[in-house]
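Below: the structure, in structure tokens.
Chains as they are written, first to last, in this note's numbering: chain V, 1 to 318; chain L, 319 to 636.
The following block contains the structure:
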């Protein structure tokens, strides 16, 4: 596995194309009015399993050798990567072993099982997840597919921005949310190779602003987990940090209130469902509107997997 | 104004094209699995003002003479037609006078005002609406654009099914919800002219099943208003009933529980927001699944204007 380059991202796109959705790019006149500029939303909330994670997981499994595939794949994840990996594995007839904290929502466990994934429950700590995953790999011989600290996963995520660049006129900015950095590093690489004049900006929740701090300090800083954007609680990886450090010049940090407000605007004006983590880059644009006025800005809407009862509580503040 | 025919529907489509969205057709593998057939959703929830009503209102105003336009347009509506008419009028620099019950939600009044519509409030009865509208027309000389009992409006609504037929392989069924019958009659006429082998079925809430009863009795039966599908409380009109009587062979009636359940599936699986009235035809398909298994079925998703707090209450049953 090597750092993705122009040719390898294009090859990844060809490789995964028939297994994923080519998601639509949506716009809203009322949101454009609000910002005073043109906002193009790349709707990965409509992607398979409801999130961009399908791209990276699919690419990573397709790149395994037949021998590796016969051993199965494994990961620890409580979120969208778990379902994406189980789905990709099922399509190719590969076994998948997913380590999940026992506290993960039942709906996510059901999603993994529906794709034939075998779940191993553990205590909800990073230590327990890692040791359980190590045990599973030892027992099964499965190949680990890390949710983000994996170049093949990064390469798959890069295809999302590539698609956006291919179907729009040149963009001044592109924004993605950042958690572990798989989507952001992939987006930054795709921008470098397919739209080099576009400026990449990350949106990050204030309650887990480790990327903001890491870019300042020049080393990986640990994430906190004090935000409703539950897909963005992870710390950058050793493979994602250097790419982000080189190619992403700025992180705009937003509060939970700003995230809920942005999420609500997307639901109400665009009539689409996005999860809190997904609303973070748009919250960043709204926070610093004047910079995006008169510009063309692409925003990757990362996913739409949110429990409706939970969303209702966020909107009503209860 | 005449009953729309093939040429007039095509002309209407050309007339309104640049003022409306060509809305996407969406599919969902998990919904197809659920039904055992292919379901194609025509997403008018993404239409201008969030509903198909933009088509009919735009067509009706565009067909007015310069003299008529100079008098302004008027209607009574508490719903999507009010905003659609105000928007269409604003685009063409025409005055719009909208009679609304004083109990209409503030958000809908704001929507009308944002498009420059002048609101006349009245008591929330049909009688008060009609007499207030008559007064307004007497005073202003405005042309009435009825929400559905108007051939130009019907012709505009017909363009929605026309678009769907144009971009999909032949459909076995097409379903639309029915309130006053503007969308359903337009859909039935478009089907007759552009896809005559497709069977048109209406979805209707049990708490306002006047179309079901009207087709049985052969005359217009009054609507009740005992359903959450608040866009479908109106009685058929003298222009819509004959078309529906001739061309729509069946109405599938669904309960409010079935509507909420269908609405929830659309939100969760498709990640799009639809209002209760809009979920009615899909509820009808789910209710009689076996008939749609192995078939290709188009469903017109009529609109996405739902208050998020209200939706939350529907989903949580509170």
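All C-beta atoms in this analysis are idealised placements derived from N, C-alpha and C, irrespective of residue type, glycine included.
The structure presented is a predicted model; accordingly, all values stated were derived computationally and were not measured.
Distance CB(residue i)-CB(residue j) smaller than 8 Å
| i | j | result |
| --- | --- | --- |
| residue 232 (chain V) | residue 277 (chain V) | yes |
| residue 603 (chain L) | residue 357 (chain L) | yes |
| residue 134 (chain V) | residue 165 (chain V) | no |
| residue 441 (chain L) | residue 419 (chain L) | yes |
| residue 496 (chain L) | residue 386 (chain L) | no |
| residue 108 (chain V) | residue 82 (chain V) | yes |
| residue 353 (chain L) | residue 610 (chain L) | yes |
| residue 120 (chain V) | residue 162 (chain V) | no |
| residue 148 (chain V) | residue 93 (chain V) | no |
| residue 639 (chain L) | residue 561 (chain L) | Since the displayed chain L opens at 319 and closes at 636, residue 639 (chain L) lies outside it and no answer follows. |
Contact set for residue i: own chain, Cβ-Cβ below 6 Å, skip 5 residues either direction
| i | result |
| --- | --- |
| residue 359 (chain L) | 344, 617 and 619 |
| residue 504 (chain L) | 472, 475 and 476 |
| residue 57 (chain V) | 84, 85 and 88 |
| residue 644 (chain L) | One cannot answer for residue 644 (chain L) here, as it falls past the ends of chain L, which runs 319 to 636. |
| residue 516 (chain L) | 489, 492 and 509 |
| residue 103 (chain V) | 124 |
Inter-residue spacing [alpha-carbon to alpha-carbon] between residue i and residue j
| i | j | result |
| --- | --- | --- |
| residue 230 (chain V) | residue 368 (chain L) | 30 Å |
| residue 114 (chain V) | residue 523 (chain L) | 33 Å |
| residue 268 (chain L) | residue 126 (chain V) | Lying before the first or after the last residue shown, residue 268 (chain L) is absent from chain L, which here runs from 319 to 636. |
| residue 415 (chain L) | residue 306 (chain V) | 41 Å |
| residue 455 (chain L) | residue 552 (chain L) | 22 Å |
| residue 558 (chain L) | residue 468 (chain L) | 8 Å |
| residue 6 (chain V) | residue 207 (chain V) | 34 Å |
| residue 487 (chain L) | residue 289 (chain V) | 43 Å |
| residue 556 (chain L) | residue 434 (chain L) | 31 Å |
| residue 637 (chain L) | residue 630 (chain L) | It is not possible to answer for residue 637 (chain L), since the shown part of chain L is limited to 319 through 636. |
| residue 295 (chain V) | residue 37 (chain V) | 5 Å |
| residue 576 (chain L) | residue 91 (chain V) | 33 Å |
| residue 545 (chain L) | residue 196 (chain V) | 54 Å |
| residue 171 (chain V) | residue 297 (chain V) | 6 Å |
| residue 322 (chain V) | residue 424 (chain L) | Absent from the model: residue 322 (chain V). The displayed extent of chain V is 1 to 318, so no value can be given. |
| residue 338 (chain L) | residue 380 (chain L) | 13 Å |
| residue 361 (chain L) | residue 217 (chain V) | 47 Å |
| residue 498 (chain L) | residue 563 (chain L) | 13 Å |
| residue 256 (chain V) | residue 268 (chain V) | 18 Å |
| residue 223 (chain V) | residue 520 (chain L) | 53 Å |
| residue 582 (chain L) | residue 493 (chain L) | 19 Å |
| residue 249 (chain V) | residue 10 (chain V) | 24 Å |
| residue 322 (chain V) | residue 112 (chain V) | With chain V covering only 1 through 318, there is no way to say anything about residue 322 (chain V). |
| residue 382 (chain L) | residue 580 (chain L) | 39 Å |
| residue 310 (chain V) | residue 317 (chain V) | 10 Å |
| residue 502 (chain L) | residue 351 (chain L) | 27 Å |
| residue 210 (chain V) | residue 463 (chain L) | 57 Å |
| residue 322 (chain L) | residue 18 (chain V) | 42 Å |
Strand pairing of residue i, partner residues [DSSP]
| i | result |
| --- | --- |
| residue 175 (chain V) | V:201 and V:299 |
| residue 344 (chain L) | L:359 |
| residue 118 (chain V) | V:97 |
| residue 441 (chain L) | In DSSP, residue 441 (chain L) forms no bridge with anything. |
| residue 35 (chain V) | Its beta-bridge partners do not exist; DSSP assigns none. |
| residue 144 (chain V) | V:74 |
| residue 51 (chain V) | V:303 |
Chain-order list of residues whose beta-carbon lies under 7 Å from that of residue i (same chain, five-residue window excluded)
| i | result |
| --- | --- |
| residue 266 (chain V) | 272, 274, 279 and 282 |
| residue 326 (chain L) | 473 |
| residue 530 (chain L) | 522, 569 and 571 |
| residue 532 (chain L) | 538, 539, 554 and 559 |
| residue 320 (chain L) | 469 |
| residue 23 (chain V) | 42, 43, 44, 46 and 47 |
| residue 373 (chain L) | 334, 338, 474, 475, 477 and 478 |
Chain-order list of residues whose beta-carbon lies under 8 Å from that of residue i (same chain, five-residue window excluded)
| i | result |
| --- | --- |
| residue 377 (chain L) | 330, 333, 334, 470, 471, 473, 474 and 477 |
| residue 140 (chain V) | 71, 72, 74, 95 and 97 |
| residue 270 (chain V) | 26, 28, 31 and 41 |
| residue 192 (chain V) | 247 |
| residue 303 (chain V) | 44, 45, 47, 50, 51, 52, 53, 80, 231, 274, 275, 277 and 278 |
| residue 605 (chain L) | 570, 572 and 576 |
| residue 118 (chain V) | 95, 96, 97 and 98 |
Near the ligand PLP: residue i beta-carbon under 7 Å from a heavy atom
| i | result |
| --- | --- |
| residue 445 (chain L) | As for the ligand PLP, it is missing from this structure, which has no ligand bound. |
Checklist entry - Whole alpha helix (DSSP H) runs in the region 234-308 of chain V with 4 or more residues, listed along the chain? => result Counting only runs of 4 or more residues that sit fully inside the region 234-308 of chain V, the alpha helix (DSSP H) segments are 240-247, 256-270, 280-287 and 289-292, in chain order.
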